[in-house]
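Reviewing the structure listed below.
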Amino acid sequence: MTRYTTLLFSLLFASSIGVQALDVEVIAPGSLASSVDDPASVTSLAVAGPVDASDFHFMASEMPHLTALDLSAARVEAYEGDPIEGVRIFAANTFPELIMAGTALETVTFPPTLISIGECALAGTHLRSVHIPASVRTVGAGAFAGCRELAEASAATAVLGEGAFAGCTALRSATISGAVPAQCFSGDTSLATVAGAADVTSIGSRAFEGCTSLKDFEFGSALMAVGPRAFSGSAIEEADMDACHSLKTVGAAAFERCPQLRSLLLPESAEVDDAHALAMGCPMLVAVSVPGGVVPAYAFAGDAAVDVSAAIGNAVEVGEYAFKGAASTSEMSLPSSLEYIGDHAMEGMTGLQKIDAEELAEVPALGEEVWSGVDQSAVKLYTTAAMASAFMNTDQWKEFDIRHSSTTGTVMQEVDGTVRACFEGFVLLVDCGGVDVESVTVADIDGRLLARLRPDADGHMILDTSAWSTRVYLLGAIAADGTRFTIKLARNN
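Everything in the sequence shown is counted per the working numbering, starting at 494 for the first residue and increasing by one.
Structure below.
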């Protein structure tokens, strides 16, 4: 019953407003109004001949029920005269800016001579599909923004303006080429297919931000730039740009908060130093390849599964909070190029067990609380014999279980050929037979005294350290002639 009531109401309503479709031929621009007797009743209009901005203004203001507009036999002339929506001059062959925005239009067929669509020209209308003809060279900013019923858009040849299709929440597919401007498809939550992506040369800031249905995007060899937040909050699963050898810049947070992103591969040609929060908050991200230089601040913060070693690559610097929360990382390698690791960069790496630092010839400088939340005493840091002492004497590094490449079951350190010490399991062995000392103090890494040993007749001392969890020990002694000896020694277990 409800269905029939609704149908009857619709018919009565249509009758009451005298719904009609009109074909109108005009002989001069600005004369459309004189050719339509009852504009309020028009739902479909086909216009042949010259029209200008005043005719579009007439349609927008006097035809509230106009849903279909066919301009395939029309041409747009220039306008200069009384202000229309505050504008006195409108160019020829251009669909006028703003004038038709917010109208009831559902379909538009553009003139074949059209070369431009003005800013916000059809924003907020009820368009279902848009096919921009090859004659159109430019589409203004926000031209179709907020068309919430628009499901399909084709702009294969036109240069698009900022936010051209922003907020088109029903838009499922789009055809593009050239450059994708800032915010072009921002907030288009249904967008799943982007044809022509392989030929795109640049992607502007926030271009696909919030496109929560966009899983695939083909990055082509012509791509030169990806702007800030370009894919932020999208559903993209793979960002494989390794073969984009023309790519020069990637902006801040370009892939931030992409919950399905599994891989991010960038070529060496790309500059990412300023890409703050590059892929922050991507919990599925594992495979990463970024250019050498700087790992940006917050770049992979919150990415629990990210391959830290691959992400560092040949970097010179790791920015602050870059890998905060990489809890799944159990092993990582530090490249010979690495000079600095920023504040909290490795915070929360709770699964870390091993660091390979054998390529390093110098100890990297550290910011504040770099390893916050990491049980460093349980992490084995492997380095060369020549670098072991340097690591053991550097704050924030000395807390690791430092081992060098010659380590087997015993670690031996020797001072001036006179004092030697080593571990065999938990047992500390000290030999000071080459020098006369009264006692040897044993302390932990923080300088707390654990034991004082006195040598036997041969200068030997033994200490079982199994009662202490610390793995790094400081041994101190003063010879009879006043010479001081200090040994820093790491236990193997």
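For each residue, glycine too, the CB sits at the ideal point set by N, CA and C.
Everything numeric in this text was worked out from a predicted model, so none of it was measured.
Is it buried or exposed for residue i, if we count other Cβ within 10 angstroms and need 16 for buried?
i: Ala514; result: exposed
i: Ser962; result: exposed
i: Leu982; result: buried
i: Ala950; result: exposed
i: Leu827; result: buried
i: His550; result: buried
i: Pro543; result: buried
i: Thr618; result: buried
i: Ser670; result: buried
i: Arg896; result: buried
i: Thr876; result: buried
i: Asp530; result: exposed
i: Ile834; result: buried
i: Pro605; result: exposed
i: His953; result: exposed
i: Leu942; result: exposed
i: Asp888; result: exposed
i: Ile582; result: exposed
i: Ala960; result: exposed
Flag this pair as yes or no: are the beta carbons of residue i and residue j separated by less than 8 Å?
i: Phe893; j: Ile848; result: yes
i: Ala747; j: Met773; result: no
i: Gly633; j: Ala659; result: no
i: Ala651; j: Arg621; result: no
i: Ser727; j: Cys704; result: yes
i: Asp796; j: Leu758; result: no
i: Pro522; j: Glu570; result: yes
i: Leu845; j: Ser865; result: no
i: Gly808; j: Leu831; result: Here residue 808 turns out to be Ala, not Gly, going by the sequence shown. Yes; because the gap between Cβ atoms is below 8 Å, this pair is in contact.
Would you identify the three-state DSSP class for residue i, choosing helix, strand or coil?
i: His558; result: coil
i: Asp681; result: coil
i: His550; result: helix
i: Asp692; result: helix
i: Leu707; result: coil
i: Gln513; result: strand
i: Pro532; result: helix
i: Val801; result: helix
i: Ala718; result: strand
i: Ser782; result: strand
i: Ala815; result: coil
i: Phe442; result: This structure cannot settle anything about residue 442, because the visible part of the chain is limited to 494 through 986.
i: Asp974; result: coil
i: Leu615; result: coil
i: Ala526; result: helix
i: Ser882; result: helix
i: Asp767; result: coil
i: Ser899; result: Residue confidence is low: Ser899 scores 46 on pLDDT, short of 50, so the model does not pin down where it sits. Its coordinate-derived value is still stated next. DSSP places Ser899 in coil when its eight states are reduced to three.
i: Cys640; result: coil
In this structure, what does DSSP give as the bridge partners for residue i?
i: Tyr966; result: Asp937 and Leu982
i: Met954; result: Val923
i: Ser826; result: Asp849
i: Thr631; result: Ser609 and Val652
i: Ala646; result: Val623 and Ala667
i: Asp868; result: Looking at the DSSP assignment, Asp868 forms no beta bridge with any residue, so it has no partner.
i: Ile834; result: Val811 and Leu859
i: Phe588; result: Ile610
i: Val601; result: Leu562
i: Pro539; result: Here residue 539 turns out to be Ala, not Pro, going by the sequence shown. In DSSP, Ala539 forms a bridge with Asp516 and Asp563.
i: Lys873; result: Lys847 and Asp894
Thinking C-alpha only, which one of the options is nearest residue i?
i: Gly806; options: Met825, Gly785, Lys817 and Ala820; result: Gly785
i: Ile598; options: Ile520, Val623 and Ala584; result: Going by the sequence as given, residue 598 is Leu instead of Ile. If we check each option's Cα against that of Leu598, Val623 comes out closest.
i: Asn586; options: Ile696, Gly611 and Ser666; result: Gly611
i: Gly697; options: Asp868, Ala688 and Ala718; result: Ala718
i: Ile577; options: Pro589, Val569 and Ala636; result: Pro589
i: Asp608; options: Arg568, Ile592 and Tyr875; result: The residue you asked about is not Asp; residue 608 is Ile in the sequence shown. For Ile608, the nearest C-alpha among the options comes from Arg568.
i: Ala657; options: Arg699, Ala685 and Asp692; result: Arg699
i: Ala803; options: Ser756, Arg913, Pro776 and Ser528; result: Ser756
i: Asp735; options: Val781, Ser725, Glu813 and Arg750; result: Val781
i: Glu855; options: Ala768, Val801, Glu749 and Asn886; result: Asn886
i: Ala533; options: Asp575, Leu921, Gly574 and Thr596; result: Thr596
i: Val601; options: Ala561, Ala584, Val923 and Leu591; result: Ala561
i: Gly975; options: Val930, Ile938 and Glu832; result: Val930
Taking CB distances under 8 Å as the criterion, tell me whether residue i reaches chain C.
i: Ala553; result: Protein chains in the displayed structure number just one, and chain C is not present.
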